[in-house]
DNA sequence: ATTATCTATAGATCTATAGATAATGC
DNA sequence: ATTATCTATAGATCTATAGATAATGC
């Protein structure tokens, strides 16, 4: 059934959005193509009309979700200061919503075990966030922060969020988030 | 074939060691019981003589590898200072050897998606490391550091190591590790 | 006699492909 | 006529179980 060109594009979009969410929520390995396609309102047979393989889908889903997060971070830093952005990142809401949250916190450990091309996609699409963090740190410190410095700062946020997510006691988990905010503020000096 | 009691114990031990290493290297979902049993020199049928389920094995493997790492950290902090321990943690060697490395960096994100009982095991067996980090930070700062403060400090190490592991360019990856060391030293002030 | 191990297999899943069907453009 | 979708299935894996085999203790 030959549809309008927008139809194909819109379907591909739905698949990508489902994948970007499900991968962050459950992990890459834990989510099958059938689940992704069902969430996009399709059956699994159609998958290969839109993507070459699960790994190809993963790369596009990483690109997509990292770009979304980059844009949100840039906007947050334009609107407010670094401290406000840190508080939003280390919030109970972000902890409890991995499906729409930070791709790096959700998937960095798993992506590290994937082929180099996938890690390339991951690293190059995380870079804009590192750029704006480096800029923000440089301004605040009055001294140039490198991309690696920005990565360490982001590492603090990522690691702290993961520990908060893994901690079963809610109060302890929230205390970890708060300690993370204090640590980030200290590190930004 | 009824063996000596030590035989059963030794076999169980080999399975646990294989699991603790393979889970950290490849992730929990990515490693099948057949692979773990083969690495322990057995076939998959024997697995259920020793463990109730894969989840039960995971809990024991987490306990095992976290306890190993706790002991190593305590010893490192008895022998040297916090800065030396941080340099060892954020070293290229640790980055390149996840199978024997930090359980938290390797598995926290995945464990966060497992049942509460598994997260309990994870959290309670990570606690001794938090205790010694809190003690070390308290001494260095001349001011009491809470467990949550220790978690944020550990979060910096965990997140930075993960970013270094996910970064395909070796030089960039190593620069991230070095920036992580500087950040940890600053945070320990 | 006991029991750790093996082979074999059940039943569910996974990624990927084949071929039929049907909705639209020309 | 084209092609996005469907159903069906291949072939590989996964966790878990059943029943036979064999190595040791009593």
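Protein chains in written order, with this note's numbering: chain A, 3 to 191; chain B, 3 to 191. Ideal Cβ positions, reconstructed from N, Cα and C, are used throughout, including at glycine. Quantities reported herein were computed from a predicted structural model and do not represent experimental measurements.
Rounded to the nearest angstrom, the Cβ distance from residue 175(B) to residue 166(B) is 5 Å, consistent with a contact under 8 Å.
For residue 167(A), the residues of chain B that pass the 7 Å Cβ criterion are 114, in the order they occur in the chain.
Along the region 17-44 of chain A, going in chain order, the ones with a CB nearer than 7 Å to a CB of chain B are 28, 29, 31, 32. Residues of chain A whose Cβ lies closer than 7 Å to the Cβ of residue 151(B) are, in chain order, 181. Counting the other CB atoms within 10 Å of its CB gives residue 112(A) a total of 16 or more, which places it among the buried residues. Within chain B, 118, 121, 122, 125 have C-beta atoms less than 7 Å from the C-beta of residue 170(A), given in sequence order. C-alpha of residue 130(A) to C-alpha of residue 16(A): approximately 25 Å in a straight line. Below 8 Å, enough C-beta pairs join the region 58-71 of chain B and the region 98-106 of chain B to call them touching: three or more.
Counting along the chain, no alpha helix (DSSP H) covers residue 30(A), and no H or E run does either. By the criterion of a C-beta distance shorter than 6 Å, residue 59(B) is surrounded in its chain by 21, 53, once the five residues flanking it on both sides are discounted. Residue 84(A) and residue 99(B) have their C-alpha atoms some 34 Å from each other. In the displayed model, residue 100(B) falls within a helix according to three-state DSSP. At a cut-off of 8 Å between beta carbons, residue 88(A) makes no contact with chain B. The CB of residue 178(B) comes closer than 7 Å to the CB of 150, 153, 154 in chain A, given here in chain order. Short of 8 Å from the beta carbon of residue 179(A), and not among the five residues preceding or following it, lie these beta carbons of its own chain, in chain order: 92, 93, 94, 97, 162, 163, 166. In its chain, beyond the 5 residues on either side, 132 have a beta carbon closer than 8 Å to the beta carbon of residue 153(B). Residue 170(B) carries a coil assignment under DSSP once its states are collapsed to helix, strand and coil.
Taking a Cβ-Cβ threshold of 8 Å, the residues of chain A close to residue 185(B) are 151, 154, 155, 157, 158, 189, in chain order.
A check of alpha carbon separations from residue 158(B) across 143(B), 136(B), 182(B), 171(B) identifies 182(B) as the nearest.
Look at the region 54-71 of chain A: it has no residue with a C-beta under 9 Å from a C-beta of chain B. DSSP, read as helix, strand or coil, puts residue 161(A) in helix. As the crow flies, the alpha-carbon of residue 24(A) is around 11 Å from that of residue 31(A). Flagged as an interface residue toward chain A: residue 111(B), by a C-beta distance shorter than 8 Å. Restricting attention to alpha helix (DSSP H) runs no shorter than 4 residues, the region 48-118 of chain A encloses them at 49-52, 56-81, 84-91, 94-98, 105-113, ordered along the chain.
The residues 17, 20, 21, 24, in chain order, have a CB closer than 7 Å to that of residue 38(B) in the same chain once the five nearest residues on each side in sequence are set aside. If you ignore the 5 residues before and after residue 61(A), its C-beta comes within less than 8 Å of the C-beta of 119, 120, 123, all in its own chain and listed in chain order. Around the beta carbon of residue 29(A), a 10 Å sphere encloses 16 or more other beta carbons of the protein chains shown; the residue is thus reported as buried.
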